[in-house]
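Numbered according to UniProt numbering, the sequence shown spans residues 1 to 119. By construction, the Cβ of each residue, glycine as well, lies at the ideal position given by its N, Cα and C atoms. Reviewing the structure listed below.
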Amino acid sequence: MVLRLPGQRYLVVDYKTNHLGDTAADYGFERLTEAMLHSDYPLQALLYVVVLHRFLRWRQRDYAPARHLGGVLYLFVRGMCGAATPVTAGHPAGVFTWNPPTALVVALSDLLDRGRLQS
1 MVLRLPGQRY
11 LVVDYKTNHL
21 GDTAADYGFE
31 RLTEAMLHSD
41 YPLQALLYVV
51 VLHRFLRWRQ
61 RDYAPARHLG
71 GVLYLFVRGM
81 CGAATPVTAG
91 HPAGVFTWNP
101 PTALVVALSD
111 LLDRGRLQS
């Protein structure tokens, strides 16, 4: 899913139902990072942002990746408890955020462009 934020920033949102434990504490930042790496979700997230970049450069007037790309949110719904969701060091339980470097997104998109069949 893509979320449009104020100021025309766009964020990729992905919901996950992975079971990491029975309490919100099991869905803290360190545990989410482990789960993300174990499941190769950073690669998935990067590809999602590249696709968003490619869409926005086609559709968004005056598109500028650094201004318009807002990163990704992985929402591990089993760790989210509504208003009672604990927040530790600024990280709500069950919420993993990452903003891939713009240069990486653009470089990967350019690399994918070079693989296109020429007509």
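Residue interval of the alpha helix (DSSP H) (run including residue i)
i, result
"glutamate 102", "A quick correction: the sequence has threonine, not glutamate, at residue 102. Note, threonine 102: alpha helix (DSSP H), 102-114."
"alanine 45", "41-59"
"leucine 37", "29-38"
Residue span of the beta strand (DSSP E) that contains residue i, given as start and end
i, result
"tyrosine 74", "69-76"
"threonine 97", "95-98"
Residues that DSSP places opposite residue i in a beta bridge
i, result
"tyrosine 10", "Arg4, Leu69"
"proline 86", "Paired residues: none, contrary to the question."
Where residue i falls, given that 16 or more other Cβ within 10 Å makes a residue buried
i, result
"valine 105", "buried"
"alanine 93", "buried"
"alanine 84", "exposed"
"alanine 107", "exposed"
"phenylalanine 96", "buried"
"alanine 24", "buried"
"valine 87", "exposed"
"tyrosine 41", "buried"
"histidine 53", "buried"
"alanine 64", "exposed"
Within 9 Å, strictly: CB atoms of residue i and residue j
i, j, result
"proline 100", "valine 49", "yes"
"leucine 69", "threonine 33", "no"
"leucine 3", "valine 13", "yes"
"tyrosine 74", "alanine 45", "yes"
"phenylalanine 55", "asparagine 18", "no"
Cβ-heavy atom distance, residue i to the ligand GDP, below 8 Å
i, result
"tryptophan 58", "You won't find the ligand GDP in this model; it holds no ligand whatsoever."
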